[in-house]
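Participant: First the structure, which I've put down as C-alpha cells, then a few questions once you've had a look.
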Amino acid sequence: MTTPASHDEVGVVAFSRARLTIAYDGTDFHGSAESAGVRTVLGDLRAAIERIVQRSVHLTGSGRTDAGVHGRGQVVTLDLPADTDLARLAHSLNRLLSPEISVSEAAWAEHDFDARLSATSRSYRYDVWNHVVHDPLLARTAWHVPEPLNLDAMNAAAESLLGEHDFASFCRRPKVGGGHPGRSLVRILMRAEWERVDDSPLLRFSVEASSFCHQMVRSVVGTLVDTGLGRRSPSDMSATLKALDRNAAGRVAPPHGLVFWETRYDGARWDD
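Be aware that the sequence shown starts at 18, since it is given in the working numbering, and climbs by one per residue.
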C-alpha cells in the first residue's frame, strides 16, 4: 500500500497512494490540468490539499478537460503521508472548495495505481436544450439549439462511430517536435447514444471510449447536431471517419454542455 519512504526535516515519513473522485463546475476554470498563470481545477485542488497537509503534493488526473467543461467522475491520485485521515481531508476540501469543486470519495489505493495510466475507459455526457426558448437554469450546462433536431438521424450517424477507428477527423492534432512521429488518434468507442431526458426538450449524448483525444467529443457532438439539423446525412459519418481530416467533420460544440462523467478501471487497458 505504501510508496517507498522518503525523508524530510522530521525524519522518515511513509507515504501511501490516495485516490480522490471529484466533481466540478468548469465554467470559471481554464481546464482541469494545471497551467501556469491561469486558474485550473487541479490547481485549486492542489493548493487546498497543500494548505491542509502542510506539504507539497503532485496530482495526476484521469483525464484532461478544456476550459468551461465540467466534471462528475474525474479521478485524481497523489501520495500522502500514510497516517493521513482521508475522511477528514475530504471534509476539509469540500469546505474550502465549495461550491465549484467537491470530493465525493477519498480512499487508499495500491501503490502502483495511477488515475490516468490505470484507466480502462472514460465516459462523457453532453446536454443539448432543444427548444425555441432558452432555459436560463441550464445556460451553464447545456448547449441551446433552438431548431428541431432529428434524434433518430443523430443516433443512426453515431452508430458508425462504434468500434476501433482513427478519429483524426474529430481531434485537434497534438503538437510534436520535429523528427518525432505523430501520436496515434486510434480509439475504441463502446457507446455513442442520444436520448431524450424525461420526455423534455433536454437531449443527452452519452459516449464511452478507451480514451479521447483533444476536442474529440465536442467535434463528434457538433457533427451529430449538424446531422440532426439536416445539414449532413447519417450515411456521411463513415466517409467523415475515413477522411482523417478535421475539415471533413462539422463544427466543434461549445464546452459548457460537456461533462466528464466517469472513469472506469475494470478489465484490461485496450492498448496493453
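Cβ atoms here follow ideal geometry from the backbone N, Cα and C, with glycine treated the same way.
Here's a check: name, in chain order, each residue in its chain whose Cβ is nearer than 6 angstroms to the Cβ of H182, leaving out the five neighbours to either side.
Facilitator: In the sequence shown, residue 182 corresponds to position 165, counting from 1. For H182, where only same-chain residues beyond five positions count, the Cβ hits under 6 angstroms are L258.
Participant: Give the single residue among V162, R34, R56 whose Cα lies nearest to the Cα of G43.
Facilitator: The count along the sequence shown starts at 1 and reaches residue 43 at position 26. Comparing Cα-Cα distances from G43 to each of V162, R34, R56, the minimum goes to R56.
Participant: Taking a contact to mean a Cβ-Cβ separation below 8 angstroms, would you say L206 touches G180 in this structure?
Facilitator: By 1-based counting over the sequence shown, the position of residue 206 is 189. By 1-based counting over the sequence shown, the position of residue 180 is 163. Result yes, Cβ atoms of L206 and G180 sit closer than 8 angstroms.
Participant: Does the pairing of the segment 72-83 with the segment 103-115 give three or more beta-carbon distances under 8 angstroms?
Facilitator: Taking 8 angstroms as the limit for Cβ pairs, the verdict is that the segment 103-115 does not touch the segment 72-83.
Participant: Under three-state DSSP, which class holds F32?
Facilitator: As a first step, residue 32 must be located in the sequence shown, where it is residue number 15. In the structure shown, F32 sits in a strand (DSSP, three-state: E or B).
Participant: Report the start-end ranges of each beta strand (DSSP E) in the segment 188-254 that is 3 residues or longer and not cut off at the edges.
Facilitator: Segments of the beta strand (DSSP E) lying fully in the segment 188-254: 203-213, 219-226.
Participant: Runs of 4 residues minimum, wholly inside the segment 89-156: which ones carry the alpha helix (DSSP H) assignment?
Facilitator: With a minimum length of 4 residues, the continuous alpha helix (DSSP H) runs that stay inside the segment 89-156 are 103-114.
Participant: Specify the secondary structure class of T82 as computed by DSSP and reduced to three states.
Facilitator: Taking the first residue of the sequence shown as 1, we reach residue 82 at position 65. Of the three classes helix, strand and coil, the one that applies to T82 here is coil, per DSSP.
Participant: Evaluate Q71 with the Cβ neighbour count: other Cβ atoms within 10 Å of its Cβ, from every protein chain shown; 16 or more gives buried, anything less gives exposed.
Facilitator: Taking the sequence shown and counting its residues from 1, the one referred to as residue 71 is at position 54. When all chains shown are included, Q71 counts as exposed.
Participant: Taking the beta strand (DSSP E) that D183 falls in, what are its first and last residues?
Facilitator: Residue mapping note: residue 183 aligns to position 166 of the sequence shown, counting from 1. 180-183 is the span of the beta strand (DSSP E), which, as asked, contains D183.
Participant: What distance in whole Å lies between the Cβ atoms of L95 and A35, which are believed to be in contact at a cut-off of 8 angstroms?
Facilitator: As a first step, residue 35 must be located in the sequence shown, where it is residue number 18. As a first step, residue 95 must be located in the sequence shown, where it is residue number 78. So it is a contact: roughly 6 angstroms between Cβ atoms.
Participant: Got a sec? Which residues, its chain only, sit under 8 angstroms from C188 by beta carbon, not counting five neighbours each side?
Facilitator: Residue numbering aside, residue 188 sits at position 171 when the sequence shown is read from its first letter. So the list reads L202, C230, H231, Q232, M233, S236, R263, once near-sequence residues are dropped.
Participant: Please report the straight-line C-alpha distance between P163 and S252, rounded to a whole angstrom.
Facilitator: For this step, residue 163 is matched to residue 146 along the sequence shown. For this step, residue 252 is matched to residue 235 along the sequence shown. Rounded to the nearest angstrom, the two C-alpha atoms are 24 angstroms apart.
Participant: On the DSSP bridge list, what partners appear for L76?
Facilitator: The residue you call residue 76 lines up with position 59 of the sequence shown. DSSP, once it has assigned bridges, lists no residue as partnering L76.
Participant: With respect to the beta strand (DSSP E) encompassing L275, which residues constitute its N-terminal and C-terminal limits?
Facilitator: One-based indexing of the sequence shown puts residue 275 at position 258. Segment 275-281, the beta strand (DSSP E) holding L275.
Participant: Let me know if L8 comes out buried or exposed under the rule of 16 or more other beta-carbons within 10 Å of its beta-carbon.
Facilitator: Since the displayed the chain opens at 18 and closes at 289, residue 8 lies outside it and no answer follows.
Participant: Determine the direct distance from the alpha carbon of E210 to that of L178, and round the result to whole angstroms.
Facilitator: Here residue 178 is taken as the residue at index 161 of the sequence shown, counted from 1. Here residue 210 is taken as the residue at index 193 of the sequence shown, counted from 1. For L178 and E210, the distance between alpha carbons rounds to 10 angstroms.
Participant: Quick check on the burial criterion: 16 or more other C-beta atoms within 10 angstroms. Buried or exposed for E122?
Facilitator: Residue mapping note: residue 122 aligns to position 105 of the sequence shown, counting from 1. Counting Cβ neighbours within 10 Å, E122 comes out exposed, since fewer than 16 surround it.
Participant: According to DSSP, simplified to helix, strand and coil, what is L261?
Facilitator: For the purposes of this step, residue 261 is taken as residue 244 along the sequence shown, with counting starting at 1. In the structure shown, L261 sits in coil (DSSP, three-state: anything other than H, G, I, E or B).
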